[in-house]
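Position 13, counted from 1, in the sequence shown is what full-length UniProt numbering calls 758; the numbers after and before it change by one each time, with no gaps.
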Amino acid sequence: QAKEAGRDTLSFFDPGMQAALVSRARLEKDLRQALANDEWRLLYQPQVDNESHVTGVEALLRWHHPERGIVSPGDFIPLLESTRLINIVGAWVLETACKQLVEWQHCPDTAHLTVAVNISPVQFREDNFVPKVKSILRRTGAPADKLKLEVTETLFVEAQDDTQRKMEHLRAQGIHFSLDDFGTGYSSLAYLAHLPLDQLKIDQSFVRQVLDSPANAAIVESTIALARSLGLSVIAEGVETKAHQDWLARHACHAFQGFLFGRPMAVKEVEAML
Ligand code: C2E
Ligand code: MG
Ligand code: MG
Ligand code: MG
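Structure follows, in structure tokens:
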């Protein structure tokens, strides 16, 4: 009878919802095969200083699906997280980025570059996250001080002791931490006093509106001031126009990332920019 009821409830599903479940299942199956099929790619988006010199890049993941084409992270990261596949794919991302760092070490034009890697909270929370990162560094021989991990405020809401312990371990290896999407989370600012952060990354939603919205401008100005008084560097993401860059530079933000300087691109294109 329970089975009957189950069957009946199924018929209450609207067809759109069923289709979504089926396509989610298919997506998950495809995601499980993506690594073996060599469908992951990393693109690198330049980060520049005041003089538009490229100081580093952010690694951004793309999925080259045989039928769907290039899929953006917004469409698969949540599913990777809910299935914990993010731990496998995230390790691939770190290893690939570290190998790239090693490649770039060999050439004087690229030896200064840093590589920023996005770390999902699910991945960071994994018990063996720290040893995993250490072993990737050891295996690849990548210089830890050129590696930047981008974390989000989510990590500071819960299990702060675990977060702090892990960050301190990795910081001791030389790894730097950038706080991505700063100002969009729900955490307090108390963590800024004791976590080993190196950089605040101003979220593009604030950057986009600095010219039109005085309130947004005030938030960005305060963020820059906060970073400076804490001895952190600050970078603006989503910088699309010269006018935005000029405004940011006038307000003492000297590092930028955005389409104005370059989209996420292949290694060869990064090298051509230098
Ligand atoms: P994010 O880390 O905040 O990355 C910035 C996003 O903004 C990227 O989108 C980038 O392509 C886009 N962007 C950069 N400059 C501009 C600009 O000037 N204008 C506009 N409109 N957009 C710009 P993308 O590559 O689609 O990545 C989206 C998010 O997916 C990332 O946000 C990050 O949270 C996540 N992500 C990407 N790669 C990885 C990864 O390897 N691991 C994990 N865990 N997450 C990743
Ligand atoms: Mg990021
Ligand atoms: Mg961001
Ligand atoms: Mg963002």
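C-beta atoms are modelled at their ideal positions from N, C-alpha and C, and glycine is treated no differently.
Going by the C-beta, is Leu945 closer than 7 Å to any heavy atom of ligand 1?
-> On the sequence shown, residue 945 is found 200 positions in, with the first residue counted as 1. Because no heavy atom of ligand 1 lies under 7 Å away, the Cβ of Leu945 does not count as near it: no.
Nearest to Phe1001 by alpha carbon, out of Lys774, Pro760, Asn795 and Gly761?
-> As a working note, residue 1001 is residue 256 in the sequence shown. Looking at the Cα atoms, Asn795 is the closest of the given residues.
Kindly provide the ranges of any alpha helix (DSSP H) runs that are 4 or more residues long and lie completely inside the segment 803-844, ordered along the chain.
-> 822-827
Selected residue, minimal CA-CA separation from Ala962, among Gln944, Leu934, Glu826 and Ala981 = Here residue 962 refers to the residue found at position 217 of the sequence shown. For Ala962, the nearest C-alpha among the options comes from Ala981.
Under a three-way DSSP split, which group does Ala887 fall into?
-> Here residue 887 refers to the residue found at position 142 when the sequence shown is read from its first residue. Looking at Ala887 - three-state DSSP - the assignment turns out to be coil, as it is neither helix nor strand.
By Cβ distance below 7 Å, which residues in the same chain neighbour Thr859 in space, the five residues on each side in sequence not counted?
-> Within the sequence shown, numbered from 1, the residue matching residue 859 stands at position 114. Thr800, Gly801, Lys891 and Lys893.
Which residues bound the beta strand (DSSP E) around Asn961?
-> Walking along the sequence shown from the start, residue 961 turns up at place 216. It is not in any beta strand (DSSP E) - Asn961 instead sits in the alpha helix (DSSP H) that spans Pro959 to Ser974.
Roughly how many whole angstroms lie between the Cα atoms of Leu787 and Tyr931?
-> The sequence position of residue 787 within the sequence shown is 42, counting from 1. The sequence position of residue 931 within the sequence shown is 186, counting from 1. Roughly 29 Å between the two C-alpha positions.
Could you tell me the boundaries of the alpha helix (DSSP H) in which Leu942 lies?
-> On the sequence shown, residue 942 is found 197 positions in, with the first residue counted as 1. From DSSP, Leu942 is part of no alpha helix (DSSP H); its letter is neither H nor E.
Ligand 1 heavy atom lying under 7 Å from the CB of Ile864 = As a working mapping, residue 864 is identified with position 119 in the sequence shown. At least one heavy atom of ligand 1 is nearer than 7 Å to the Cβ of Ile864, so yes.
Among Gln954, Val955 and Ala781, which one has its Cα closest to the Cα of Leu830?
-> Stepping through the sequence shown from its first residue, residue 830 is reached at position 85. Minimum Cα distance to Leu830 is reached at Ala781.
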